[in-house]
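A.B. asks:
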Amino acid sequence: MTEPGGLQRAARAIADRLYAGALIVASTGAGMSRESGIPTFRGAEGVWRQYRAEEVATPEALARDPAWAWEFHDHLRALVAAARPNAGHLALARLERELTPACAVRVITQNVDRLHEAAGSSGVVRLHGDILRVVCPRCGWEEGDYPVPAPAAPPHCDCGAVLRPDVVLFGERLPEDQLEEAFALAETCDVMLVVGTSVVVEPAASLPVMAREQGALVVEVNPEPTILSRAVQHSLRGTAGGVLPALVEEVLRLTQELDS
Ligand code: NAD
Ligand code: ZN
66 MTEPGGLQRA
76 ARAIADRLYA
86 GALIVASTGA
96 GMSRESGIPT
106 FRGAEGVWRQ
116 YRAEEVATPE
126 ALARDPAWAW
136 EFHDHLRALV
146 AAARPNAGHL
156 ALARLERELT
166 PACAVRVITQ
176 NVDRLHEAAG
186 SSGVVRLHGD
196 ILRVVCPRCG
206 WEEGDYPVPA
216 PAAPPHCDCG
226 AVLRPDVVLF
236 GERLPEDQLE
246 EAFALAETCD
256 VMLVVGTSVV
266 VEPAASLPVM
276 AREQGALVVE
286 VNPEPTILSR
296 AVQHSLRGTA
306 GGVLPALVEE
316 VLRLTQELDS
C-alpha cells in the first residue's frame, strides 16, 4: 500500500502544478481495467496462463491458426463487452469534468476496451485499437460493434478473408496519428498520471520519460513497483480503483482552496 501521507503529498504536488490552461494527462494500461474484471497479461495478477499472449495475439498466429487466435480474442472480447467502468475510470472522468475548462485532462490508453469513454472521458488517445471493432484485412470492410461471441471461429468476411479484431497485435506498428498525439501530449503536459502499466513496451515506456524530461510532474499508480517507480516524483502503491478516487478528491479539494 501507499506509504502514509504519500497520497496527500502527491495530491499537493499535482495541485501546485495547476493553473489556468494546465494540461493533465493520464497514461493507462491493462491494470486500469483489472477491477472491471478484465485481467492483465503481465503483473502478478496476470491470469492468461492458458494462453501466452505474446504468441497468440500476433499476426503469425492469426495467419497460421486463426481459430486459436480468435478463441483467445473472443475470450477477451466477452470480458470487455460485459465490463463496466470502475472507480478509477470514473475518477479520471470526474477530474476532467470538474477542471474543464480551466484545465485540460486527456487520457492516453493502451487498453482495447472502451471503459474510459464509458466513464465519460473525452478525446481518448487509443494506442492499441478497439477489440469490439472488427476489420477485413483484404477488402477493408469494418464493423464497429461486431457480435460477441463472433459467429464463427474464425469469422470470415463476405469477400472470403478471415476477419481480425481492430487491435494492434504484438510486433505490429501503432497507429501513426494516435502515436503522434500521444507524444505531443507527453511533450506539453504539466502533470502525467501513469496508471496500471508495467511500462515495458513502447511507447508506453517513453511517454513518462518524455514528460519527466520536459519538466512535468509524473505520478505513478500501480500495486507493484515498476522500472519507472524510482524515476518519477511520486509512486503510489495501490490499485487504480483504490487510489484514483482519493487522489482526485484531494486534488479537487486543494484546487478549490486555491480559488477562494
Ligand atoms: P502491462 O504490461 O501494462 O501490465 C499491467 C500492469 O497493471 C502491471 O504493471 C500490474 O502491476 C498493473 N496492475 C495490476 N492490477 C492493477 C490494478 N488493479 N490497478 C492498477 N494497476 C494494476 O499490460 P499487459 O497486461 O501486459 O497487456 C499488454 C497489452 O495487452 C495492453 O497494452 C493492451 O493492449 C492489451 N490488454 C488490454 C486489456 C484491456 O483492454 N483492458 C487487458 C489486458 C491486455
Ligand atoms: Zn473482406
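Those letters in the sequence shown? Residues 66 to 325, per my numbering, in order. Note that the Cβ used here is the ideal one computed from N, Cα and C, for glycine as well.
(1) Hey, how far is the Cα of G306 from the Cα of A95?
(2) Between the beta-carbon of A85 and the beta-carbon of A156, is there less than 8 Å?
(3) Would you kindly check if the distance between the Cβ of G102 and the Cβ of L144 is under 8 Å?
(4) So for S186, helix, strand or coil by DSSP?
(5) Take the Cβ of C254 as the centre, count every other Cβ of all protein chains shown within 10 Å, and call the residue buried at 16 or more, exposed below.
(6) List the DSSP bridge partners of D231.
(7) Could you name the residues that DSSP lists as bridge partners for A91?
(8) Does DSSP put E285 in a helix, a strand or coil?
(9) Within the structure, which residues are defined as neighbours of the ligand ZN by a Cβ-heavy atom distance below 6 Å, reported in chain order?
(10) So what does DSSP say about E252, is it helix, strand or coil?
(11) Can we count H103 as close to the ligand NAD, meaning its CB is less than 7 Å from some heavy atom?
(12) Are the CB atoms of L244 and S92 nearer to each other than 8 Å?
(13) State yes or no: is the C-beta of A305 nearer than 7 Å to some heavy atom of the ligand NAD?
(14) In angstroms, rounded to a whole number, what distance separates the CA positions of D195 and A311?
(15) Check whether the Cβ of Q175 lies closer than 7 Å to any heavy atom of the ligand MG, and answer yes or no.
(16) Identify whether S263 lies in helix, strand or coil by the three-state DSSP scheme.
(17) Can we say the stretch 179–192 touches the stretch 156–165, given the rule of at least three CB pairs closer than 8 Å?
(18) Under a CB-based cut-off of 8 Å, is T174 close to chain C?
(19) Could you pull the DSSP bridge partners for E125 from this structure?
(20) Counting along the chain, where does the beta strand (DSSP E) carrying H221 start and finish?
(21) May I ask you to check if the CB of F106 is nearer than 7 Å to at least one heavy atom of the ligand NAD?
(22) Distance, Cα to Cα, V256 vs A218?
(23) Under 8 Å by Cβ, that's how I've got D130 and P214 pegged, so tell me the actual separation to the nearest angstrom.
(24) Alpha carbon to alpha carbon, how far is G261 from V200?
(25) Is R175 near L192, with beta carbons less than 8 Å apart?
(26) Here's a check: name, in chain order, each residue in its chain whose Cβ is nearer than 8 Å to the Cβ of R179, leaving out the five neighbours to either side.
C.D. replies: Straight from the coordinates:
(1) Each residue's Cα considered, the two are about 13 Å apart.
(2) No; because the gap between Cβ atoms is not below 8 Å, this pair is not in contact.
(3) L144 places its beta carbon less than 8 Å from that of G102.
(4) Correct three-state label for S186: coil.
(5) By the neighbour-count rule (16 or more Cβ atoms within 10 Å), C254 is buried.
(6) Beta-bridge pairing by DSSP links D231 to D195.
(7) Per DSSP, V172, L258.
(8) Here E285 sits in strand by DSSP.
(9) Screening all residues for a C-beta within a distance smaller than 6 Å of any heavy atom in the ligand ZN leaves C201, R203, C204, W206, C222, C224, A226, in chain order.
(10) Correct three-state label for E252: helix.
(11) Before going further, note that residue 103 is Ile rather than His in the sequence given. For I103, the shortest separation between its Cβ and any heavy atom of the ligand NAD lies below 7 Å.
(12) Using a Cβ distance threshold of 8 Å, L244 and S92 do not count as a contacting pair.
(13) Of the heavy atoms belonging to the ligand NAD, at least one sits nearer than 7 Å to the Cβ of A305.
(14) D195 and A311: Cα-Cα distance of roughly 29 Å.
(15) In terms of ligand content, the structure shown lacks the ligand MG and carries the ligand NAD and the ligand ZN instead.
(16) Here S263 sits in coil by DSSP.
(17) Contact holds: three or more Cβ-Cβ distances are below 8 Å.
(18) The structure shown has no chain C; it contains just one protein chain.
(19) Per DSSP, none; premise fails for E125.
(20) For H221, no beta strand (DSSP E) segment is defined, and its DSSP state is neither H nor E.
(21) Proximity of the beta carbon of F106 to the ligand NAD is indicated: a heavy atom of the ligand is located closer than 7 Å.
(22) Distance between the alpha carbons of V256 and A218 is about 44 Å.
(23) Contact between D130 and P214 does not hold, since their C-beta atoms are separated by about 18 Å, which reaches or exceeds 8 Å.
(24) Near 28 Å, if we compare the C-alpha coordinates of V200 and G261.
(25) Before going further, note that residue 175 is Gln rather than Arg in the sequence given. Contact check for Q175 against L192 passes: the beta carbons are separated by less than 8 Å.
(26) Hits under 8 Å: V145, D195, L197.
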